Amino acid sequence: MSQQYAALPPSSEPIPQAPALHVVSPAGQEADLPAAEQAAAQFLRALGISTDSESLRGTPGRMARAYAELFSPRPFDLTTFPNDEGYDELVLARNIPLRSVCEHHLLPFVGTAHIGYLPGRRILGLSKLARILEHFACRPQVQERLTKQVADWVQSQLQPKGVGVVIQAEHTCMTLRGVQATGTTTMTSTLLGLLRTDARSRSEFLTLTGLPG
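The numbers in numbering that gives the first Met the number 0 rise by one with no breaks, and the one at position 154 of the sequence shown is 153.
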């Protein structure tokens with residue numbers, strides 16, 4: 000899905016318009032909701048939970064539809080615009096809501112993400128940072144991989160001078176079961192380009208996301 004851009008033309012020439020990249024769900028088998036509903040009913044019965052009551056009769060179907068929704072990111076167009084003014088300071092979207100599902104227990108983890116970049120020749124429509132996060136979060140995940148996937152994808156598609164992603168989330172597989180460490184959050188970060196190698200840029204990004212630089 001990578002979309003490459005040519006080298007920056009001389010300032011006297013207009014920057015050519017780049018077509019928006021249409022991003023869809025990862026390739027895979029289509030959801031079979033009837034089969035998922037049947038499996039959910041068997042799963043509940045295997046755990047000793049009867050679905051015969053009026054309240055629980057529709058639960059297997061609701062489970063199937065709920066997980067199908069959690070695993071189905073919405074398609075979007077990755078809209079970019081020419082950086083006509085040569086803006087070279089940090090662009091940062093803070094506190095983007097995050098929801099995903101732990102691939103080890105299929106329990107949700109929720110939190111926020113901060114995604115920033117140092118522009119190159121093009122800038123990104125701001126809402127697309129949230130769309131990119133959703134695209135990678137709507138599948139069984141681990142937080143470490145999710146953080147790196149978002150950063151790597153922004154880097155490959157936009158080719159900025161630097162990218163930073165910080166995710167803070169509460170994992171219900173840790174807070175509701177097992178150790179039951181209620182209130183615990185996990186933080187992960189990925190820094191690329193100048194946000195990794197340039198101390199001033201790195202410090203600015205981390206400070207704005209609430210982390211020590």
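Glycine included, each C-beta is placed from N, C-alpha and C at the ideal position.
This structure is a prediction, so every number in the text was calculated from the model and none was measured.
Contact set for residue i: own chain, Cβ-Cβ below 7 Å, skip 5 residues either direction
| i | result |
| --- | --- |
| residue 193 | 117, 160, 161, 200 |
| residue 181 | 174 |
| residue 102 | 139, 140, 141 |
Residue burial classification, residue i (beta-carbon count within 10 angstroms, cutoff 16)
| i | result |
| --- | --- |
| residue 41 | exposed |
| residue 189 | buried |
| residue 100 | buried |
| residue 206 | exposed |
| residue 208 | buried |
| residue 31 | exposed |
| residue 85 | exposed |
| residue 72 | buried |
6 Å Cβ shell around residue i - same chain, five flanking residues per side excluded
| i | result |
| --- | --- |
| residue 62 | 39 |
| residue 154 | 162, 191 |
| residue 21 | 76 |
| residue 129 | 95 |
Between the CA atoms of residue j and residue i - distance to the nearest angstrom
| i | j | result |
| --- | --- | --- |
| residue 179 | residue 171 | 9 Å |
| residue 97 | residue 176 | 21 Å |
| residue 149 | residue 185 | 17 Å |
| residue 164 | residue 66 | 26 Å |
| residue 144 | residue 125 | 23 Å |
| residue 55 | residue 44 | 11 Å |
| residue 132 | residue 64 | 22 Å |
| residue 119 | residue 105 | 38 Å |
| residue 50 | residue 137 | 28 Å |
| residue 113 | residue 47 | 42 Å |
| residue 151 | residue 195 | 13 Å |
| residue 109 | residue 147 | 17 Å |
| residue 68 | residue 127 | 20 Å |
Neighbourhood of residue i by C-beta, 8 Å cutoff - its chain only, sequence neighbours within 5 removed
| i | result |
| --- | --- |
| residue 74 | 21, 22, 23, 24 |
| residue 169 | 108, 109, 110, 182, 183, 184, 185 |
| residue 70 | 30, 100, 137, 138, 139 |
| residue 210 | 165, 186, 188 |
Are the region 85 to 93 and the region 52 to 60 touching, with three or more C-beta to C-beta distances below 8 Å? no
Mind pulling the beta strand (DSSP E) runs of 3 or more residues that sit fully within the region 53 to 94? 75 to 77, 79 to 81
Restricting to runs no shorter than 3 residues, where is the beta strand (DSSP E) found entirely within the region 116 to 171? 121 to 123, 161 to 170
Which ranges would you report for the alpha helix (DSSP H) in the region 176 to 203 if only whole runs of at least 4 residues count? 193 to 196
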